[in-house]
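Enquirer: Next up is a structure, given as structure tokens.
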């Protein structure tokens with residue numbers, strides 16, 4: 031355990047034990063440095079982690095205080111899901127489409143949205159890069175930037191892998207229209223109609239829809255709200271169904287927010303390699319960590335080119351630009367081929383603008399701000415959930431991303447809550463969206479990626495009341 | 031027959047009859063006006079048509095002259111293809127990918143390319159619009175511009191339909207990543223694995239690949255190089271195979287350049303309606319006509335919402351921007367749904383830039399220039415083919431677009447020519463790319479959309495020699 035982790039752990043224990051009580055002031059940074067003989071940055075890191083966990087709050091010019099609700103945060107859900115272990119032919123309902131549409135209007139409080147607030151991104155700087163990109167656009171770039179994509183952008187992406195300690199060849203990277211296209215292309219590259227595909231339960235609904243559209247069978251594997259997919263169950267499923275692919279999220283899973291520990295990632299990659307099953311790794315939230323280091327992708331443990339690592343700039347830099355990519359290992363050629371015959375290529379000016387932005391430096395600075403903002407918003411959001419939701423509610427505490435997963439008290443119907451909330455101008459993402467089976471009826475995914483303000487607090491109060499009323 | 035058509039017909043007859051001989055000067059515009067009591071614009075239109083047909087040539091400051099090769103243009107191919115009438119399970123080869131890749135390097139003369147020269151487009155003005163679009167981009171546009179797409183752009187597209195005499199609701203328009211994505215989404219919306227789909231023979235290779243990828247069966251229908259798909263054969267195929275969709279190009283078909291006459295389009299729409307088979311109409315070349323009026327899409331004759339009209343700005347305004355659309359009639363909702371779960375949406379800044387461009391006026395002016403350039407390039411290209419290719423070569427005379435389709439003398443293997451040409455730095459698109467069956471082995475598609483110059487002329491001379499040598 032690192033110094034700052036030890037300090038954070040110690041303080042959180044004091045809070046849970048009641049030694050430090052809601053409203054108490056924490057030692058100032060200077061006091062803590064002196065008393066423990068550690069550096070100010072270590073103290074800041076510890077306080078930052080505690081803030082992200084909702085346990086403490088900064089008050090301007092007065093220091094850090096134990097959150098009012100610190101002891102009364104809802105407990106975390108603790109059990110992995112128990113999906114049916116049979117293969118399932120999907121029939122994802124119209125409902126997903128309906129719910130999605132409902133989150134796309136500005137006048138709704140977008141707790142059901144899949145996107146963080148667009149106000150969190152450096153739109154002005156991106157605009158300058160875009161203007162520069164098109165002013166200097168060599169007309170032949172429209173030919174050169176064809177799939178697999180703009181060479182400078184692919185080099186920048188490869189450089190970021192390198193910084194994170196992964197060795198990815200520029201040639202293995204295919205630029206796509208967002209990560210969603212990357213995921214779909216990967217699925218096309220390694221499956222044929224009738225094949226089985228391992229997925230998490232609950233899972234990102236687009237995975238369900240891709241599987242349905244491609245005439246594949248979904249094998250849902252239990253997934254723990256903190257640590258991700260259940261490996262023993264995954265192994266049973268591999269043995270029984272011989273799937274042609276596994277599609278999952280290793281870091282800050284949507285909707286759970288779960289984060290697979292490194293050892294588990296390593297074991298997963300090894301397990302899949304034994305069965306020679308390709309992994310389609312969706313890692314779009316990986317950059318949005320609240321700790322001190324980017325969580326490792328499963329791709330880092332891949333020695334056979336079996337892992338296709340998909341990500342994008344949509345969630346962490348440039349929403350609406352629609353630029354993602356896949357580092358597709360041994361499948362890079364097939365992926366590029368499918369891209370050429372489905373959407374041909376990704377917008378040349380947009381690719382150029384992102385290459386310029388990354389070359390200009392400043393991306394890491396932006397990311398640090400963004401992570402800090404999301405961590406603070408999570409804390410505020412969590413505290414509000416604690417205040418407004420009835421006893422019996424459980425909530426995850428993701429260490430990154432911008433989704434909370436709530437288990438509502440037994441018997442509460444999330445679809446009912448969704449309809450009632452929408453009538454009051456609030457969107458939520460009800461649990462049943464995230465499974466092809468009738469699961470998660472009492473669950474909600476909430477988005478804390480929007481600017482925290484009184485309107486969001488009021489929306490959570492309304493939601494809490496609706497949930498409480500739905501218990502009876 | 032209109033006045034200018036009558037004049038053009040009369041002159042072309044004189045040329046073919048030998049009354050006017052190669053090198054002869056045509057009457058000046060003023061002379062023709064006076065002698066026939068017609069307006070200068072009528073004369074210009076007639077000369078323009080003749081120029082497009084390669085029969086006459088303008089020489090700067092000296093007027094119009096009968097082309098040197100006017101009497102010796104290669105004859106047009108005249109028979110529709112005779113594909114196997116059975117359903118075919120596709121296995122489109124790696125070869126398509128290989129040939130495509132070979133056209134994507136700058137140092138090759140790109141006669142095999144699918145794109146016109148990027149130098150023909152108003153890149154500077156587009157750049158200004160892009161800069162303005164992003165500078166004023168409301169961050170929430172990244173949410174608002176989600177599928178079905180930017181409202182202002184969709185309105186501009188609907189306005190263009192209106193100008194062309196089609197009534198298309200803005201709500202039926204879904205913006206896509208180029209027409210290719212639109213076509214793929216349409217296919218997904220109306221088929222399930224195992225279904226049959228009617229296509230042309232020869233056909234755009236991406237159609238073959240989509241059909242293969244989606245586990246569908248292709249039914250190839252004979253297609254005439256001048257007038258498009260054979261309706262009697264289409265009716266037999268409808269009766270026998272009960273396909274779930276028909277996918278074809280009505281205007282300046284790729285690769286043939288064929289143009290379906292209006293009456294044939296009307297009959298096709300009626301025929302498909304009788305079987306309730308949706309038409310996926312690929313009309314990306316429709317704006318590139320050399321005559322006086324945009325050819326009508328089949329969509330114009332559709333009263334049931336069964337025609338999905340797909341087009342884009344990639345071939346006529348903004349290559350590399352990747353913005354297309356579909357007017358999807360009764361399938362608009364399903365198409366949007368598939369888009370949401372495959373690529374989510376189309377780049378917001380790019381959509382905004384095109385909306386601004388269209389609103390600014392000037393698109394029609396650009397199109398007139400582009401059409402004129404392409405028509406001139408066709409004439410020069412055609413004349414060069416006539417000079418350089420051996421007896422027994424046939425060549426289409428498309429009335430728009432930028433592709434020529436050549437039937438080489440019997441026994442010449444186009445794949446062999448392709449390989450030999452590539453070794454000399456020239457790409458071509460060999461006929462077998464355009465069929466799932468072993469057809470069109472002696473055919474080539476050539477692109478005349480690149481600036482006409484000595485290099486292109488020399489490449490055609492080389493090609494002609496290769497073809498001549500391959501005869502023996």
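Protein chains in written order, with this note's numbering: chain C, 31 to 502; chain X, 31 to 502. Backbone N, C-alpha and C define an ideal beta-carbon position, used for all residues, glycine too.
Across the segment 270-286 of chain X and the segment 305-316 of chain X, are there enough close Cβ pairs to call them in contact, namely three or more that are closer than 8 Å?
Expert: Output reads yes: the segment 305-316 of chain X touches the segment 270-286 of chain X.
Enquirer: Using the Cβ count rule (16 or more neighbours within 10 Å means buried), how would you classify residue 258/C?
Expert: It is buried - the Cβ of residue 258/C has at least 16 other Cβ atoms within 10 Å.
Enquirer: So who's on the other strand from residue 480/X, going by DSSP bridges?
Expert: Per DSSP, none; premise fails for residue 480/X.
Enquirer: Give the residues from the segment 201-219 of chain C that approach chain X closer than 7 Å (Cβ to any Cβ), ordered along the chain.
Expert: Result list: 207, 208, 210, 211, 214 and 218.
Enquirer: Check residue 138/C in the structure and name its three-state DSSP category.
Expert: Of the three classes helix, strand and coil, the one that applies to residue 138/C here is coil, per DSSP.
Enquirer: Do you know offhand how far residue 145/C's Cα is from residue 369/X's?
Expert: Cα-Cα distance, rounded: 17 Å.
Enquirer: Take the Cβ of residue 311/C as the centre, count every other Cβ of all protein chains shown within 10 Å, and call the residue buried at 16 or more, exposed below.
Expert: Buried, by the Cβ-count rule.
Enquirer: From the DSSP secondary-structure annotation, give me the bridge partner or partners of residue 310/C.
Expert: Paired residues: 277/C and 338/C.
Enquirer: Along the chain, where does the alpha helix (DSSP H) containing residue 90/C start, and where does it finish?
Expert: Segment: none, residue 90/C is in no alpha helix (DSSP H) and carries neither H nor E.
Enquirer: Quick one: which chain C residues come within Cβ less than 8 Å of residue 160/X?
Expert: In chain order: 160, 161, 164 and 379.
Enquirer: List, from N- to C-terminal side, the alpha helix (DSSP H) runs of 4 residues or more that fit wholly inside the segment 59-89 of chain X.
Expert: 59-66 and 70-82, all fully within the segment 59-89 of chain X.
Enquirer: Look at residue 280/X and residue 349/X and say whether their C-beta atoms are less than 8 Å apart.
Expert: No; because the gap between Cβ atoms is not below 8 Å, this pair is not in contact.
Enquirer: Quick one: does residue 412/C have its CB under 8 Å from some CB of chain X?
Expert: False, the Cβ-Cβ gap to chain X never drops below 8 Å.
Enquirer: At a Cβ threshold of 8 Å, is residue 482/X touching chain C?
Expert: No, because no Cβ of chain C sits closer than 8 Å to the Cβ of residue 482/X.
Enquirer: With a CB to CB cut of under 7 Å and the five nearest residues on each side skipped, what residues in its chain are close to residue 151/C?
Expert: Within the same chain, residue 151/C has close Cβ partners 347, 348 and 349.
Enquirer: Can you tell me whether residue 354/C is helix, strand or coil according to DSSP?
Expert: Here residue 354/C sits in strand by DSSP.
Enquirer: Quick one: is residue 367/C near chain X, going by C-beta distance under 8 Å?
Expert: So yes, residue 367/C belongs to the interface.
Enquirer: So with CB distances below 7 Å, who are the chain C contacts of residue 171/X?
Expert: 350, listed in chain order.
Enquirer: With DSSP as the reference, label residue 430/X as helix, strand or coil.
Expert: In the structure shown, residue 430/X sits in a strand (DSSP, three-state: E or B).
Enquirer: Residue 376/C and residue 353/C - do their beta-carbons sit closer together than 8 Å?
Expert: Cβ distance < 8 Å, so residue 353/C and residue 376/C count as in contact.
Enquirer: By the three-class DSSP mapping on this structure, what secondary structure does residue 200/X have?
Expert: Residue 200/X falls in the helix class under three-state DSSP.
Enquirer: Is residue 243/C close to chain A, meaning its C-beta is less than 8 Å from at least one C-beta of that chain?
Expert: No chain A appears in the structure shown, which is made up of the protein chains C and X.
Enquirer: What residues in its chain sit with their C-beta under 8 Å from that of residue 159/C, if we drop five residues either side in the sequence?
Expert: For residue 159/C, where only same-chain residues beyond five positions count, the Cβ hits under 8 Å are 383, 384, 386, 387 and 390.
Enquirer: In the segment 225-242 of chain C, which residues sit with their C-beta less than 7 Å from some C-beta in chain X, listed in chain order?
Expert: Answer set for the segment 225-242 of chain C: 236, 239 and 240.
Enquirer: What distance in whole Å lies between the Cβ atoms of residue 424/X and residue 107/X, which are believed to be in contact at a cut-off of 8 Å?
Expert: Rounded, the Cβ-Cβ distance is 4 Å, consistent with contact.
Enquirer: Note down, in chain order, every chain C residue with its Cβ under 7 Å from the Cβ of residue 375/X.
Expert: Neighbours of residue 375/X on chain C, chain order: 352.
Enquirer: For residue 248/C, report the span of its alpha helix (DSSP H) as first-last.
Expert: It is not in any alpha helix (DSSP H) - residue 248/C instead sits in the beta strand (DSSP E) that spans 247-254.
Enquirer: Using only CA atoms, which one of 228/C, 261/C, 44/C and 72/C lies nearest to residue 110/C?
Expert: Answer by Cα proximity: 261/C.
Enquirer: From 409/X, 426/X, 153/X and 474/X, pick the residue whose C-alpha is nearest to that of residue 443/X; which is it?
Expert: Ranking the options by Cα distance to residue 443/X, first place goes to 474/X.
Enquirer: Please identify the residue among 452/X, 461/X, 325/X and 88/X whose C-alpha is closest to the C-alpha of residue 293/X.
Expert: Per the Cα distances, 325/X.
Enquirer: Taking CB distances under 8 Å as the criterion, tell me whether residue 183/C reaches chain X.
Expert: By this cut-off, residue 183/C is not an interface position.
Enquirer: So what does DSSP say about residue 289/X, is it helix, strand or coil?
Expert: Strand at residue 289/X.
Enquirer: Below 8 Å on the Cβ atoms is my guess for residue 142/X versus residue 497/X; work out the distance and round it to an integer in Å.
Expert: With 8 Å as the limit, residue 142/X and residue 497/X do not qualify as a contact, their Cβ atoms being about 15 Å apart.
Enquirer: Expressed to the nearest angstrom, what Euclidean distance is found between the alpha-carbon atoms of residue 331/C and residue 435/C?
Expert: Cα to Cα, residue 331/C sits roughly 28 Å from residue 435/C.
Enquirer: Can you tell me which of the three DSSP states residue 106/X falls into?
Expert: If DSSP states are grouped into helix, strand and coil, residue 106/X belongs with coil.
Enquirer: What does residue 372/C reach in chain X if we use C-beta pairs closer than 9 Å?
Expert: Here the neighbours are 207, 210, 211, 214, 236, 239, 240, 243, 372 and 373.
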